[in-house]
Amino acid sequence: MAELSAESGIPVATIKYYLREGLLPAGERTSPNQARYGEEHVRRLKLIRALVEVGGLSVATVREVVAAVESDQAAYKVLGVMQGALTGSAVDVSDEDREWATGLLGALAREHGWKFEDDNPVAGMLVGTVCAIRALGHQALLDQLGRYADVADRIALADLDTIDAVGSMDRIVEAAVVGTVLGDRLFAGLRRLAQAAETARRYSEW
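Quick note: the sequence shown uses my numbering, first residue 8, plus one each step.
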């Protein structure tokens, strides 16, 4: 345990907590009070730390994600479970608002060849988001949905290109988790840098 802590940079108490919470598989028992841990434990610890500390996920969400990574389901099903765990719960909206948002987003999805289904957690999140934007009176943002969708297509291509380069299926799923959680953070940071630069170009004389 001490060597695992030194190798991963994570305190022993935290490792024990992750073991109790089912985030980290148990080591190979070598004596009543000792266990052997391998490189896969170090990699898992680094993944957990990235998801919790950088990605900002709760331990409960990380547990769902880890369970999906370890499951024997087909890759696309595992990725679906992962997306559901990372998306969060849908926001309640009125039936009228839901019908409007579903029509808007459904048309956008059809145009881009995406699936937009009511039981998809991402659909629920998007419905709540566009309803909130409209309620705040920012129609100009909604008018740019097509441009945002075009960028999303390009990002998805980059995401899958990085995943394809990984190799084994377990590493592909792990890469998808990292790419989704940390990729969101990465793109958010790049977006803010670009916004700052564009703001300076447009409004430097104001």
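Note that the Cβ used here is the ideal one computed from N, Cα and C, for glycine as well.
Query: Bounding residues of the beta strand (DSSP E) (the contiguous stretch that carries residue 172); Result: Here residue 172 belongs to no beta strand (DSSP E), and DSSP marks it neither H nor E.
Query: Assigned exposure category for residue 27 - 16 Cβ within 10 Å defines buried; Result: exposed
Query: Beta carbon of residue 22 nearer than 8 Å to that of residue 12; Result: yes
Query: Own chain, CB closer than 7 Å to residue 104, minus 5 neighbours either side, in chain order; Result: 138
Query: Distance, residue 195 Cα to residue 58 Cα; Result: 16 Å
Query: Straight-line Cα distance separating residue 55 from residue 68; Result: 11 Å
Query: Minimum C-alpha distance to residue 119 - residue among 140, 134, 131 and 161; Result: 161
Query: Same chain, Cβ closer than 7 Å to residue 61, neighbours up to 5 away in sequence not counted; Result: 189 and 192
Query: Beta-carbon proximity of residue 129 to residue 109, cut-off 8 Å; Result: no
Query: Every unbroken alpha helix (DSSP H) within the segment 61-143, with a cutoff of 4 residues, ordered by chain; Result: 66-77, 82-94, 102-119 and 128-142
Query: Neighbour-count burial assignment, residue 198, 16 or more Cβ in a 10 Å radius; Result: exposed
Query: For residue 49 and residue 15, believed in contact at Cβ under 8 Å, the rounded distance; Result: 5 Å
Query: Residue 210, buried or exposed, once every other Cβ within 10 Å from all chains shown has been counted against 16; Result: exposed
Query: Nearest to residue 219 (by Cα), restricted to the options 30, 29 and 8; Result: Since the first residue of the chain shown is 8 and the last is 213, residue 219 is not available in this structure.
Query: Start-to-end residues for the alpha helix (DSSP H) that takes in residue 35; Result: No alpha helix (DSSP H) holds residue 35; the beta strand (DSSP E) holding it covers 35-38.
Query: Rounded separation between residue 77 and residue 17 - CA only; Result: 22 Å
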